[in-house]
Every structure is written in C-alpha cells, then in structure tokens.
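For the sequence shown, the residue numbers in the numbering used here are 886 to 1381.
A virtual CB, placed ideally from N, CA and C, is assigned to each residue, including glycine.
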Amino acid sequence: MGSQKNVIIIGAGIGGISTAGYLASKGYHVTIFEKNAFPGGRCGRYVKDGHRFDIGATFLMMPGVYKETFSAVGKSLTEELTLYRIDPVYKIKFPDKKEILFTSDLARMQEQFESLEKGSYARFLKLMGKGFNIYEKSMRLIDRNYFKFLDLSLLKYPFLLLRYKAFHNHYKYVSRFFKSEKLRALFTFQNLYLGQNPFTASGMYLFLPFMELADGVYFPKGGMHEIAESLLAVAKENGVKLHLNSPVSRIEVNQHRATGVVLNDGSFHPADLIVSNADLPYVYNHLLPSSRKAGRLNKLKYSCSAVVFHWGVDRVYPQLEQHTVMVSGAHRESCRTIFRDHSFAEEPSIYVHSPVRSDKTAAPENQDSITAIVHTSNIGDGVQPDWEDMKKRARKAILKRFEEEGLSDFEKHIKFEICFTPSSWKSEFNLTRGGTFGSLAHNLLQMGFLRPGNHHKKYRNLYFAGGSTQPGSGMPLSLISAKLVSERIEKTYRNR
886 MGSQKNVIII
896 GAGIGGISTA
906 GYLASKGYHV
916 TIFEKNAFPG
926 GRCGRYVKDG
936 HRFDIGATFL
946 MMPGVYKETF
956 SAVGKSLTEE
966 LTLYRIDPVY
976 KIKFPDKKEI
986 LFTSDLARMQ
996 EQFESLEKGS
1006 YARFLKLMGK
1016 GFNIYEKSMR
1026 LIDRNYFKFL
1036 DLSLLKYPFL
1046 LLRYKAFHNH
1056 YKYVSRFFKS
1066 EKLRALFTFQ
1076 NLYLGQNPFT
1086 ASGMYLFLPF
1096 MELADGVYFP
1106 KGGMHEIAES
1116 LLAVAKENGV
1126 KLHLNSPVSR
1136 IEVNQHRATG
1146 VVLNDGSFHP
1156 ADLIVSNADL
1166 PYVYNHLLPS
1176 SRKAGRLNKL
1186 KYSCSAVVFH
1196 WGVDRVYPQL
1206 EQHTVMVSGA
1216 HRESCRTIFR
1226 DHSFAEEPSI
1236 YVHSPVRSDK
1246 TAAPENQDSI
1256 TAIVHTSNIG
1266 DGVQPDWEDM
1276 KKRARKAILK
1286 RFEEEGLSDF
1296 EKHIKFEICF
1306 TPSSWKSEFN
1316 LTRGGTFGSL
1326 AHNLLQMGFL
1336 RPGNHHKKYR
1346 NLYFAGGSTQ
1356 PGSGMPLSLI
1366 SAKLVSERIE
1376 KTYRNR
C-alpha cells in the first residue's frame, strides 16, 4: 500500500531525511520541503576558505543506532562512511592547570584518578557498572512505540525509574562516589550538552560517561554532515525528492485530516500523509490552527541555548584535543546564572572542537577550524537581551580562557569568524526560544514516551519526527524517532 501514498516531509534535518529513507524503501512517494539552502538542519555544515565546520553535533555516539539506520535502508555504516574513533574522548581542563584525559586506556585513567583522590578508581568502575545497567535497560523503554494509552508494559515504568536513579539528583548521586570536585564535574558536565543543568538533572544520565567509553565516540571523515548527505543519497536512490529554499508557511487541514502544505510562495502541495521534522512547538504555534495543545506545549520546560563561534585559524594549537572542555572556576555559579537567573555567565565553561586532530580535510594544512561553545539562557518571554552585546561578552570570556590555557595570541591567528547566538538558532532553524540542543528540555516528565507524541491526536494523517518529539533530542534519538514514526505509519497503513 505504501506505493499509493504521497508523503510530504517538512524539514530536511537528520530526522526528516531518515524518515524519508525508511518510507521510500517501503514504496511511499516522498517529497521533502526544507527552508534552508542546505540539507541536514543542525547536522549541516559551513565551508569557507578551505575550513569546514559542523553546525551542530561534533561527534558520533551510540554507533549501534547509526548502524541500524543504515541497515534499514540496505546500506552499511562502515562502508558508507570512514569513521575515526576519538580516544581520548576529550580533555577536561581546570583553571588550576590540572587536566584529565577521559580515555579507554584504563591504566591511564587509574593513574589520573588516584592522583586526584585515593580510592577513586575503584569507585569509578562501580559507577560505570551502574551506568551500563541504566543504559542497557533504558534503551528498551525508549526504542519502541506505545500504541495504546493504557499499555500494560507501562505499569512497571515508575519502578524502573526508581531503579535507574531517575528520581536522584545526578550531581548529588555522583558526589557519593567522589569527594573531588574535579571528578564530580567530569561525570556530570555532559548534561550541559543535552541543554540541562548538571546540578539538577536526573540521575538516569549516569549512563552518559559509560556510553562514551564503552560504545566509543567517533568522527566521520568529512564531518558529521556526511551522515546526513549519505542518508539523503540513499533516500534519493529510492525516489525521494528534496526542495531546498522552500519554507512551509502552514499545514492545510480539513476536519480530521491534513490535506497538504502551503509554502511561503503561496503554492499548495497536497499529500496523503505529512511528517513534520520541524521543531514541534514551532509546528503547533505557527503551522497549525491554534489549539489548546499549543498552549500546553508552551508551558513545558525548555532547554538552554548557546553562543557558538566558528573560527578559521592559521595554525594548530597542541594544547587542544579533538574535544576539549574548559571547566569554569565558578562552575556551579555559572550554571545557576544560566538556568536559574536566565542570564549569561561571565565565567562560563567552554567546549572546544578541533577536527583536524582526526580529519586533516577539515582545514588547510597546518591550520584548524575551531568551534567554541558557551551555554547561555534561552529566549524567554520577558525583555530580550542585546544579542550583539552577549556575543561580545562570550567572545571576550573565551579568548581570556584560551590565553590562560596557553593558546597564545589566539585572536591574532583568526582568519574569519562565524557566530550563532540564541537569536540565530531561532531564526535559522525555527528552534523555539533558540534552544540549541533541541527546544524541549529533558527533565523527568519530558523523556522517552512522556515527551510529546509522534502522531497528532486530531489530524490522523499528521506525524512528527525529530528531537522535540519521542524519544528525545540529539542525533541518535532523532534517528530512533525517525524509525518509530515510520513504524507507526507502516502499522497504520500497510493493511489498508
């Protein structure tokens, strides 16, 4: 039956591209409308003067999810892409010049941990064991659809949450294992890259460090955008049509069906099925008729944003690994400023990406394409900050810390600069409140099946894919989202 259905997908993010590939392989006629001049969404890239930058994600985690995605469309991940395993996963730098290399070399880890706190290495192994259990069991909860509101398997969900430390505070739980503030920071800072406060996040996220070491962290030759390009190529082989520079202005509806989409140029495109890969709150607030659902979405918790600099530099700095995290000397205070005070922290933690460590094609020879990220509050409903002023303050804070870390005269070696502020994320990618890491937060009541569903309750042929629907944000979960929505569509339509 799939061959008789015309599907329109709104947005060529990684979720939209993957959904297109799944459905096209089942015989659906799929057309994607993308607002920007490039596919991939936040998995896009910028290239200038031989320098290449990933717009969003800068590393591949949960490789099993990627393997499954490629396999579902008849391809092999390792045959389609050249992957470099990144080890050490990252370098953590502290203001007192101490640093930790987070590596799969356990002898090196033992040496580093014991130098900071006696007995900490054994506790690290115990913590990793708990992370493994949470990771293994929780995937069974999120990697599936729930087709009934009263699914009996959900009766055990509260007990599983209790067992997997979901009701624990992540930072406080880690603090049971380590007295060293450096080790506590090492095992909780990852929450920031889910748009969460490390000091208030759920203990379920204990699995993140385990996942980094056990599953590994990878980087594709050509950058993360190569994943989107590779999946798009497969989709096109199966007949998918992509229209760039084609923003959708509204979804046309009639009673209980979505009939098609209207583009900004006024043209109408009919469809039997519509899958929106656009940010879910944006869809309800701007593409669909007003509804109580939109109001409820607006009251949910939203993730933080970030100021992101991409710098083409004319040299390579040996002080950096591919992934370097410079933890703030006022780590707790900076997080409080971002998440409680909804402001910009003057002494932020900084994430730095230096892709030439693994992929020499990311920059001209003996040069680098540096990305630096500092977190900030999202765009709330109150008085909006001066984004240019925030950009200047963020730039000043980063360059000051670079100088302290021995990246001498960094500013003098900048050839050009590209910067994203919360306002940029909102305008370029329609991310509600400029939420860099996906608009909706990952608090306890907005994870997995508790996240907004992937099927519209009223318009029965309208579906959703991507980070703001089930099961969550980030590239791996967006790929799972594409699989789940495709399975739901197939289950609904294959017997009709």
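| request: Ignore the nearest five residues each way along the sequence and tell me which others in VAL892's own chain have a CB closer than 6 Å to its CB. | output: If we look at VAL892 and ignore the five residues flanking it on each side, its Cβ neighbours are LEU908, TYR913, VAL915, LEU1158.
| query | Whose C-beta lies closer than 6 Å to the C-beta of HIS1260 among residues of the same chain, with five residues either side of it excluded? | reply | Taking C-beta separations shorter than 6 Å and ignoring five residues to either side along the sequence, the partners of HIS1260 in its chain run LEU1077, CYS1189, ALA1191, ILE1223, following chain order.
| request: Taking only runs that begin and end inside the segment 1055-1117, name each unbroken beta strand (DSSP E) of 3 or more residues, in chain order. | output: The qualifying runs are 1103-1105.
| field | Close beta carbons around HIS936, own chain, < 6 Å, minus the five adjacent residues each side | value | Within the same chain, Cβ atoms closer than 6 Å to the Cβ of HIS936 are found at GLY1197, ALA1248, SER1254, the five residues on either side in sequence being excluded.
| Which of helix, strand or coil DSSP assigns to GLY1145 | Annotated three-state conformation of GLY1145 is strand, per DSSP.
| task | Pull up the distance between the alpha-carbon of SER989 and that of SER1175, whole angstroms please. | result | SER989 and SER1175 have their alpha carbons spaced roughly 51 Å apart.
| request: Could you tell me how far apart the beta carbons of PHE1063 and ARG1025 are, in whole angstroms, since I believe they sit closer than 8 Å? | output: With a Cβ gap of about 29 Å, PHE1063 and ARG1025 do not count as contacting.
| task | Kindly list the residues whose CB is nearer than 7 Å to the CB of PHE918, restricted to its own chain and excluding five residues on each side of it in sequence; keep chain order. | result | By the criterion of a C-beta distance shorter than 7 Å, PHE918 is surrounded in its chain by ILE893, ILE895, HIS1128, SER1131, VAL1133, VAL1146, LEU1148, once the five residues flanking it on both sides are discounted.
| request: Give the straight-line distance between the Cα atoms of MET947 and GLU1021, rounded to the nearest whole angstrom. | output: If you draw a straight line from the Cα of MET947 to the Cα of GLU1021, it comes to about 12 Å.
| said: Quick check on TYR913 - is its C-beta less than 8 Å from some C-beta in chain C? | reply: In summary, chain C is missing from the structure at hand, where a single protein chain is found.
| task | Using only alpha-carbon positions, find the residue among SER903, VAL1370, THR1354 that is nearest to ASP1164. | result | For ASP1164, the nearest C-alpha among the options comes from THR1354.
| query | Given that a residue counts as buried once 16 or more other Cβ atoms are within 10 Å of its Cβ, and exposed if not, what is PHE1229? | reply | PHE1229 is buried by the Cβ-count criterion.
| message | Tell me the DSSP secondary structure of TYR913 in three-state form. | response | The answer is coil: DSSP assigns TYR913 none of H, G, I, E or B.
| task | From the DSSP output, read off the bridge partner residues of ILE985. | result | In the DSSP assignment, ILE985 forms a beta bridge with ILE977.
| N-terminal and C-terminal residue of the beta strand (DSSP E) that TYR1344 is part of | Going by DSSP, TYR1344 is part of no beta strand (DSSP E) at all; its letter is neither H nor E.
| query | Taking DSSP as the reference, what is the three-state secondary structure of ASN1139? | reply | Here ASN1139 carries a strand assignment [DSSP, helix/strand/coil].
| task | Could you tell me which uninterrupted beta strand (DSSP E) segments, each at least 3 residues in length, are contained entirely in the segment 911-974, listed from first to last along the chain? | result | Entirely contained in the segment 911-974, the beta strand (DSSP E) runs reaching 3 residues are, in chain order, 914-918, 930-933, 936-939, 968-970.
| CA-to-CA distance, ILE1019 to LYS845, given in whole angstroms | Residue 845 lies beyond the residue range present for the chain, which begins at 886 and ends at 1381; the question has no answer from this structure.
| Do the segment 1204-1215 and the segment 1230-1237 touch if we need at least three Cβ pairs shorter than 8 Å? | The segment 1204-1215 and the segment 1230-1237 touch, with no fewer than 3 CB-CB distances between them shorter than 8 Å.
| task | With GLU1302 as the anchor, note down where its beta strand (DSSP E) starts and where it stops. | result | Looking at the DSSP string, the run of the beta strand (DSSP E) that includes GLU1302 is 1299-1305.
| Residues bridged to TRP1196 (per DSSP) | Residue pairing by DSSP places TRP1196 opposite ILE1255, GLU1302 in a beta bridge.
| request: State yes or no: is the C-beta of ARG1345 within less than 8 Å of the C-beta of HIS1055? | output: At the C-beta level, ARG1345 and HIS1055 stay beyond 8 Å of one another.
| field | Cβ contact check for the segment 938-954 and the segment 1359-1368: 3 or more pairs under 8 Å | value | Taking a cut-off of 8 Å on C-beta distances, the segment 938-954 touches the segment 1359-1368, as three or more cross pairs fall below it.
| task | Can you tell me which of the three DSSP states GLY1014 falls into? | result | In the structure shown, the three-state DSSP call for GLY1014 is helix.
| said: Under DSSP, the alpha helix (DSSP H) around LYS1396 begins and ends at which residues? | reply: With the chain running from 886 to 1381 in the structure shown, residue 1396 is simply not present.
| message | Quick check: what's the CA-CA separation for GLU984 versus GLY898? | response | In this model, GLU984 and GLY898 are separated by some 36 Å (Cα to Cα).
| request: Pull up the CB-CB distance for ALA1118 and LYS1368, whole angstroms please, since I reckon it's below 8 Å. | output: That belief does not hold up - the Cβ atoms of ALA1118 and LYS1368 are roughly 19 Å apart, past 8 Å.
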